[in-house]
Amino acid sequence: MAERCHLPKTTAYRLLTELTAVGAVQRRRDGYYLGRRLFELGSIVPLERDLRHAALPFMHDLFEATHETIHLGVRDGLDVVYVEKIRGHESFALPSRVGGRLPLTCTGVGKALLAYSSPAFVEEVLSRPLRRLTRHSIIDAKQLEESLGQVQASGLAYDREEAQLGGACIAAPIFREGAVVAALSVSVPLARFQPTRLAPAVKTSALGISRALARSLA
């Protein structure tokens, strides 16, 4: 690697060490090989392209109906990664940005993704220490498990000041071939959070995106 990239050996070794740490490279007795993480990322990129193409019209419709901030997110490990965002007219400070990530367990989008993930993955999340972003973040595994059950029962996930003080959101899962691949949310200041008004619009938009993704496979 050092020879091909014209790098000092110490620099090449440091880069390989960093790539190994994130799973992009795997070290074996006879050298270094591409890691599983690169193949995972390679499979995510086409999905995100199709997802954004399918989702944007529905996101704009949802924005026109609510005039609030709209998020589209996917799961990456234990985090939600935001792949698209439309800012509301009176948007308050949010800790999200396109390409940014937050813990699955602290966000509506994240909980919508987590609730429909495999039981093995959910069990893995519940077995780990839960991250806290605010004093309202769920850090008790039993409470989180109950919250995920409510998401499955209603098809909606909520975040009330769990990621940002003064903020709330409502989210719904997006499916492709029966598996959850993303989630859509509306984020608002807590003072004007009206779940009963927002819920039908969020669920309808998420369902529309799921159907658009299904058509793209036909």
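Reminder that position 175 of the sequence shown reads as 175 in full-length UniProt numbering, one-by-one numbering, no gaps. Every residue, glycine too, gets a C-beta built ideally from N, C-alpha and C.
Bounding residues of the beta strand (DSSP E) (the contiguous stretch that carries residue i)
i: residue 175; result: 167-176
i: residue 185; result: 179-189
i: residue 157; result: 157-160
Identity of the residue in the options nearest residue i by Cα
i: residue 81; options: 114, 63, 146 and 88; result: 114
i: residue 152; options: 165, 173 and 167; result: 173
i: residue 107; options: 147, 123 and 119; result: 147
i: residue 54; options: 183, 195 and 69; result: 183
i: residue 166; options: 191, 30 and 52; result: 191
i: residue 76; options: 141, 185 and 125; result: 125
i: residue 136; options: 211, 168 and 19; result: 168
i: residue 61; options: 71, 213, 179 and 205; result: 205
i: residue 132; options: 97, 149 and 144; result: 144
i: residue 118; options: 179, 19 and 26; result: 179
i: residue 68; options: 4, 30, 200 and 189; result: 189
i: residue 225; options: 158, 162, 86 and 100; result: Residue 225 falls outside the range modelled here, since the chain spans only 1 to 218, and no answer is possible.
i: residue 156; options: 176, 111 and 121; result: 111
Residue range of the alpha helix (DSSP H) that includes residue i
i: residue 144; result: 141-154
i: residue 102; result: Counting along the chain, residue 102 falls outside any alpha helix (DSSP H), though it belongs to the beta strand (DSSP E) covering 101-103.
i: residue 124; result: 119-127
i: residue 98; result: Segment: none, residue 98 is in no alpha helix (DSSP H) and carries neither H nor E.
i: residue 130; result: That residue, residue 130, is in no alpha helix (DSSP H); it is neither H nor E in DSSP.
i: residue 113; result: 108-115
Sheet register partners of residue i (DSSP bridge)
i: residue 82; result: 73
Per-residue DSSP class, three states only, for residue i
i: residue 13; result: helix
i: residue 137; result: coil
i: residue 58; result: helix
i: residue 8; result: coil
i: residue 208; result: helix
i: residue 215; result: helix
i: residue 53; result: helix
i: residue 63; result: helix
i: residue 18; result: helix
i: residue 87; result: coil
i: residue 3; result: helix
i: residue 163; result: coil
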